[in-house]
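Note that our numbering gives residue 252 to position 209 of the sequence shown, counting from 1, and the numbers run on in steps of one.
Every residue gets a Cβ at the ideal spot worked out from N, C-alpha and C, and that includes glycine.
Read through the structure below, which is laid out as structure tokens, and then see the notes.
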Amino acid sequence: MKIKSLVVGLTLLGMAALFSSCIGLGTKFSTPTDDDLVLGKIKPDDALKRFGQPYAKTTKATRDGAYTIYKYDFALSSFGTVSSRVLLLEFKGDVLNAYFWWSSFSQDKTTVNTNVFEKLQGGIGKLAKAEVLAMAGKPSGKGYCPSTIGDFKENCETNSEIWDWYMEDHYEINGDAKTPKSQQLSVTFDAEGKVAGVQTVEFRSLGTARFFSNQ
Numbered sequence: 044m045k046i047k048s049l050v051v052g053l054t055l056l057g058m059a060a061l062f063s064s065c066i067g068l069g070t071k072f073s074t075p076t077d078d079d080l081v082l083g084k085i086k087p088d089d090a091l092k093r094f095g096q097p098y099a100k101t102t103k104a105t106r107d108g109a110y111t112i113y114k115y116d117f118a119l120s121s122f123g124t125v126s127s128r129v130l131l132l133e134f135k136g137d138v139l140n141a142y143f144w145w146s147s148f149s150q151d152k153t154t155v156n157t158n159v160f161e162k163l164q165g166g167i168g169k170l171a172k173a174e175v176l177a178m179a180g181k182p183s184g185k186g187y188c189p190s191t192i193g194d195f196k197e198n199c200e201t202n203s204e205i206w207d208w209y210m211e212d213h214y215e216i217n218g219d220a221k222t223p224k225s226q227q228l229s230v231t232f233d234a235e236g237k238v239a240g241v242q243t244v245e246f247r248s249l250g251t252a253r254f255f256s257n258q
């Protein structure tokens, strides 16, 4: 399933929260640090010690290997605003193969700099990962190929690694409540570590929060 066409994961939880002045739902977890998200190094036990038990756990056996996916999510309704935080960790074998993390909380909100799209596009076949990092900032997600995560899986057919930036506004409840705006920037890398493709998407969410599916 593509990231931009996912079924809302926290709709029921979020809508229930709208009727309370201040309530938290899901699995509360703290903002991950760079050390928590090192591909090829972090193990499932490391994640459990750092974030606790996940909201959901999925295991898959494919021709590419055995995968375990941990999903953490948390939504908070407070004074007419619903904010959410989601962390998806994919382990291949016993090490972190891919992750996706985003938040609409003001203190750790993930962002997207779509102004760099043309520069990134012009750097296809030229720009290295360090240059992309300097231009676009720290990504919300990274994945080695192959991966079972949404758009990662689709784009892994001809690439070796994928970076994603994702932003979603918090949900405000008022007389003219609007669904939150979301933006996504994706960059793929070839086997030599050079930019192979760039894509940006802007859309309106279907509800209070979205899950990044591994289906």
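Cut-off 6 Å between Cβ atoms - residues of its own chain near residue i, not counting five sequence neighbours on either side
i: Glu245; result: Gln226
i: Phe94; result: Phe72 and Tyr115
i: Thr102; result: Thr111
i: Gly218; result: In this predicted model, Gly218 has a pLDDT of only 46, less than 50, meaning its place in the structure is not dependable; the value taken from the coordinates is given anyway. Same-chain partners within the cutoff: there are none.
i: Pro97; result: Tyr113, Lys114 and Tyr115
Of the listed residues the options, nearest to residue i (C-alpha basis)
i: Thr76; options: Glu197, Asp89 and Leu68; result: Asp89
i: Asp207; options: Lys224, Lys185 and Thr201; result: Lys185
i: Thr231; options: Asn158, Gly180, Met210 and Cys188; result: Cys188
i: Val155; options: Val175, Tyr209 and Pro97; result: Tyr209
i: Thr153; options: Ala171, Thr124 and Asp212; result: Asp212
i: Asp79; options: Ser229, Gln242, Phe195 and Ser183; result: Ser183
i: Ala99; options: Leu163, Asn158, Phe195 and Thr70; result: Thr70
i: Val171; options: Ile205, Thr157, Asp151 and Phe195; result: First, the residue type needs correcting, since residue 171 is Ala and not Val in the sequence shown. Nearest option by C-alpha distance: Ile205.
Neighbourhood of residue i by C-beta, 7 Å cutoff - its chain only, sequence neighbours within 5 removed
i: Asp233; result: Asn202, Ser203 and Ala239
i: Lys86; result: Asp137 and Val138
i: Gln242; result: Ser229
Residue i versus residue j: straight-line alpha-carbon distance, rounded
i: Phe327; j: Ser127; result: No answer is possible for residue 327: it lies beyond the span of the chain, which begins at 44 and ends at 258.
i: Ser259; j: Ile167; result: Lying before the first or after the last residue shown, residue 259 is absent from the chain, which here runs from 44 to 258.
i: Lys135; j: Val81; result: 13 Å
i: Gly108; j: Ser190; result: 10 Å
i: Ala173; j: Lys181; result: 10 Å
i: Leu91; j: Lys237; result: 33 Å
i: Tyr113; j: Lys169; result: 34 Å
i: Phe117; j: Val175; result: 30 Å
i: Glu197; j: Thr74; result: 28 Å
i: Ser149; j: Glu235; result: 37 Å
i: Gly165; j: Met178; result: 13 Å
i: Val129; j: Phe143; result: 8 Å
i: Tyr110; j: Glu200; result: 17 Å
i: Thr157; j: Asp151; result: 19 Å
i: Phe195; j: Lys162; result: 22 Å
i: Thr105; j: Lys224; result: 35 Å
Proximity test, residue i beta-carbon vs the ligand FMN heavy atom, cut-off 7 Å
i: Ser147; result: With respect to the ligand FMN, the structure shown offers nothing to examine, as it has no ligands at all.
Residues of its chain near residue i, where Cβ-Cβ distance is below 8 Å and the 5 sequence neighbours each way are ignored
i: Lys84; result: Val138 and Leu139
4 or more residues per run - each alpha helix (DSSP H) lying fully within the stretch 105 to 165: You should have 160 to 165.
Entirely enclosed alpha helix (DSSP H) segments - the stretch 171 to 238, minimum 4 residues: If we require 4 residues or more, the alpha helix (DSSP H) runs fully inside the stretch 171 to 238 come out as 172 to 179 and 193 to 198.
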